[in-house]
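K.L.:
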């Protein structure tokens with residue numbers, strides 16, 4: 080298997096996230112995008128989709144722009160990353176930004192939903208683990224104004240937006256974790 084393209088994306092993402100830590104965790108941020116890519120790899124070996132999974136937070140969380148992603152990795156990867164990037168408009172409330180992101184994902188093509196599932200399942204795994212360890216204190220890690228109820232609304236809405244993927248094991252795990260955490 081030729082992984083040169085994916086390897087280039089891993090190096091780029093690692094450099095972009097260099098020195099950052101996953102919020103509320105004591106490990107390098109790059110572990111999350113790598114987990115997202117490993118989840119996507121259970122659905123496809125498409126190197127552009129795997130690259131987009133590892134790059135998915137570079138535009139949202141670093142100085143990297145979508146134009147830089149397009150220049151280095153092409154139009155398809157840039158679009159996959161764009162579909163996974165939350166709106167940056169700080170004049171919007173948390174819920175308004177999340178609602179836009181949910182609509183964006185619901186309208187996105189199948190491949191974009193697969194990349195998003197890698198990210199969201201990685202997040203849900205972390206939430207489920209944290210919830211088992213610290214209970215309701217986990218909701219303090221989020222910027223959601225209403226804590227658990229907002230986070231539940233967001234993740235259940237994501238599940239609806241990605242329902243097209245219901246035949247995949249990662250989607251089924253995502254829904255199972257939703258039920259474990261939110262009941």
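Residue numbers (our numbering): 80 to 262. Each residue gets a CB set at the ideal place from its N, CA and C atoms; glycine is no exception.
Decide if residue 97 is buried, meaning its Cβ has at least 16 other Cβ atoms within 10 Å, or exposed.
P.N.:
Its Cβ having fewer than 16 others within 10 Å, residue 97 is exposed.
K.L.:
Between residue 153 and the rest of its own chain, which residues show a CB-CB distance below 8 Å, the 5 nearest in sequence each way excluded?
P.N.:
Cβ within range, chain order: 127.
K.L.:
Touching or not, the region 142 to 156 and the region 210 to 222, by the rule of three or more beta carbon pairs under 8 Å?
P.N.:
The region 142 to 156 is not in contact with the region 210 to 222.
K.L.:
Measure from the alpha carbon of residue 258 to the alpha carbon of each residue in 99, 245 and 231, then state which is nearest.
P.N.:
Per the Cα distances, 231.
K.L.:
Measure from the alpha carbon of residue 187 to the alpha carbon of each residue in 117, 160 and 125, then state which is nearest.
P.N.:
Comparing Cα positions, the closest option is 160.
K.L.:
Assess, as a yes-or-no matter, whether the region 81 to 92 is touched by the region 164 to 184 under the definition of 3 or more beta carbon pairs within less than 8 Å.
P.N.:
Cβ pair count under 8 Å is below three, so no.
K.L.:
Check this for me: beta carbons of residue 238 and residue 260, under 9 Å apart or not?
P.N.:
For residue 238 and residue 260, no; Cβs fall outside 9 Å.
K.L.:
Check each candidate in 146, 241 and 262 and name the one with the smallest Cα separation from residue 194.
P.N.:
Of the listed residues, the one whose Cα sits closest to residue 194 is 241.
K.L.:
Report all residues from its chain with a CB closer than 6 Å to the CB of residue 177; omit the five preceding and five following residues, and keep chain order.
P.N.:
Counting only Cβ-Cβ distances below 6 Å, and skipping sequence neighbours, we find 233.
K.L.:
Is it the case that the region 197 to 207 contacts the region 109 to 124, given that we only count it when at least three CB pairs across the two stretches are under 8 Å?
P.N.:
In short, these stretches touch, since the Cβ pair count reaches three.
K.L.:
Cβ of residue 143 within 9 Å of Cβ of residue 116?
P.N.:
Result no, Cβ atoms of residue 143 and residue 116 do not sit closer than 9 Å.
K.L.:
May I have a chain-ordered list of the alpha helix (DSSP H) segments no shorter than 4 residues that lie completely inside the region 84 to 162?
P.N.:
DSSP runs (the alpha helix (DSSP H)) wholly in the region 84 to 162: 110 to 119, 126 to 134, 137 to 140, 145 to 152 and 154 to 162.
K.L.:
Could you tell me if residue 80 is buried or exposed, where buried requires 16 or more neighbouring beta carbons within 10 angstroms of its beta carbon?
P.N.:
The residue in question, residue 80, is exposed, as its Cβ has fewer than 16 Cβ neighbours within 10 Å.
K.L.:
Evaluate residue 172 with the Cβ neighbour count: other Cβ atoms within 10 Å of its Cβ, from every protein chain shown; 16 or more gives buried, anything less gives exposed.
P.N.:
Flag for residue 172 reads exposed.
K.L.:
Run the CB neighbour count on residue 95, radius 10 Å, all protein chains shown included, and call it buried at 16 or more, exposed below.
P.N.:
Buried.
K.L.:
Would DSSP call residue 226 helix, strand or coil?
P.N.:
It is coil, neither helix nor strand.
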